[in-house]
Amino acid sequence: MISIQKKKKKKPQLGVKKSVKKEMSQNLLQWTVADVASYFSAAGFPEQAVAFRAQEIDGKSLLLMQRSDVLTGLSIRLGPALKIYERHVKVLQRTHFLEYED
């Protein structure tokens with residue numbers, strides 16, 4: 001009898017939670033274009049990170065991004081764009097604005 005072992009997919013999201021906390025200790029306003037690209041690459045979106053770099057999205061720009069900017073402005077596929085916006089951009093924005101509220 002032959003046993004077949006399934007390989008478990010690595011979930012980049014698990015490491016991202018820790019890195020988000022670490023990264024958020026650094027003010028998002030100070031993130032460079034390279035920091036933003038590195039964040040998305042580490043979050044499991046290396047191809048899409050190139051788009052953030054090409055569009056020169058830094059931390060300040062990331063805070064200003066709206067859903068339509070991510071879905072259409074970056075020219076990336078819809079599936080990854082939705083995940084990036086919902087799971088990362090919105091979370092980073094919400095966390096930043098809650099931290100720096102009055």
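Last residue of the sequence shown: number 102 in full-length UniProt numbering, and the count goes up by one each step with no gaps.
Think of the CB as a built atom: it goes at the ideal place given N, C-alpha and C, for glycine as much as any other residue.
Note that the structure is predicted; figures quoted are calculated from it, not measured.
So, using beta-carbon positions, are GLU56 and VAL70 closer together than 7 Å?
If you number the sequence shown from 1, residue 56 lands on position 56. If you number the sequence shown from 1, residue 70 lands on position 70. For GLU56 and VAL70, no; Cβs fall outside 7 Å.
Looking at C-alpha atoms only, which residue of ALA51, GLU99, ARG94 is the closest neighbour of ARG77?
Indexing the sequence shown from 1 puts residue 77 at position 77. Checked all of ALA51, GLU99, ARG94; the closest Cα to ARG77 is ALA51.
Would you mind working out which of LYS83, ARG53, LYS60, SER38 sits nearest ARG67, comparing C-alpha positions?
Along the sequence shown, one-based indexing puts residue 67 at 67. Nearest C-alpha to ARG67: LYS83.
Counted within 10 angstroms of its Cβ, other Cβ atoms place ALA37 as buried (16 or more) or exposed:
As a working note, residue 37 is residue 37 in the sequence shown. So ALA37 counts as buried.
Exposed or buried, GLN48, counting other C-beta atoms within 10 Å across all chains shown (16 or more means buried)?
Position 48 of the sequence shown, counting from 1, holds the residue named residue 48. Buried: at least 16 other Cβ atoms inside 10 Å.
Buried or exposed: ALA54, going by 16 or more other Cβ atoms within 10 Å of its Cβ?
Translated into positions along the sequence shown, residue 54 becomes position 54. Under this definition ALA54 is an exposed residue.
Any heavy atom of the ligand NAD closer than 6 Å to the beta-carbon of ASP69?
Questions concerning the ligand NAD fall outside what the structure shown contains, since it holds no ligand whatsoever.
Which full runs of the alpha helix (DSSP H) of 4+ residues lie inside the UniProt domain "SAM" (31-79), going along the chain?
33-42, 46-54, 59-64
From PHE45, LEU28, LYS60, LYS90, pick the residue whose C-alpha is nearest to that of GLY79; which is it?
Position 79 of the sequence shown, counted from the start, is the residue given in the question as residue 79. It is PHE45 whose Cα lies nearest to the Cα of GLY79.
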